[in-house]
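Residue 28 in my numbering is what sits at position 45 of the sequence shown, and the numbering runs on without skipping anything.
Glycine included, every Cβ here is placed at the ideal spot set by N, Cα and C.
Comments concern the structure below.
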Amino acid sequence: MMNLKGAALSIAAAAALAGSASADVTVPFTNVTFTGFNFTQLFNAGQLTGTLTGVSVNAVLNASVNFTYADDLCIYVDDLPLSLGGLLQVGGFSNTGAAERHFWANGGSDVPGTTVIDTVTLTNPLNMDTLPIAAVWLGNGYGASGTSGTWTGSVTLHGVTEIPAPGALALLGLGGLAAARRRRN
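This is the structure we're talking about:
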């Protein structure tokens, strides 16, 4: 049986973990290249919890082919599978037909070194808990043939947190059990 001191330490550790949880998720990337309308999935359906209230970008265009601008870096939210007519498009010249669309306020150049730094607040926040098949992608929102861009930076999704993988929670639980067991011996 765990003693009072052990219980207090466990509660303090749990409180510290809960206190460090943030309602934003930042995804850094380095030298990622996307051809026109090419996207990579950042978060699978059910991997985020909370309400997506906004999106921020802080990136630099490292290379451009055929007029891909810095502000063509695009966050796209859609139900699986990826298709046109999604829930949200932020950034990108070409229209995906998303229900809500925003442009970055700067980054309108294809010159390497151009930055795109902006924050967009959604008109219609997305409650990820009620969108069980919605996923989040990052890519090139300029769909012309033969285009590509390479970016370095980060995007931040405001108001959501990533749900930890079940394996990570199990390891945390086993670690606490092992520590308590060691103290008793």
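Tell me, to the nearest whole angstrom, how far the beta carbon of residue i is from that of residue j; I am working on the premise that it is less than 8 Å.
i: L140; j: V8; result: 5 Å
i: V103; j: N89; result: With 8 Å as the limit, V103 and N89 do not qualify as a contact, their Cβ atoms being about 12 Å apart.
i: A46; j: T130; result: With a Cβ gap of about 12 Å, A46 and T130 do not count as contacting.
i: L31; j: I116; result: The Cβ separation is near 12 Å, so there is no contact.
Quick one: what's residue i bridged to in DSSP?
i: I169; result: The structure shown does not extend to residue 169, since the chain is modelled only from -16 to 168, so the question has no answer here.
i: G37; result: T104, H141
i: T32; result: T144
i: L44; result: W134
So is residue i buried or exposed if we call it buried at 16+ other beta carbons inside 10 Å?
i: A161; result: Caution is warranted here: a pLDDT of 47 is assigned to A161, below 50, making its placement in the model unreliable, and the coordinate value is therefore given only provisionally. Its Cβ having fewer than 16 others within 10 Å, A161 is exposed.
i: D54; result: buried
i: I58; result: buried
i: S39; result: buried
i: G68; result: exposed
i: V94; result: exposed
i: N42; result: A small fix is needed here, since residue 42 is Ala in this sequence, not Asn. A42 comes out buried.
i: L35; result: buried
i: L63; result: exposed
i: A148; result: exposed
i: G96; result: exposed
Going by DSSP, what residue range makes up the beta strand (DSSP E) through residue i?
i: I100; result: 98 to 110
i: F12; result: 7 to 18
i: Q24; result: 22 to 26
Is the region 115 to 124 close to the region 62 to 80, with three or more CB pairs under 8 Å?
yes
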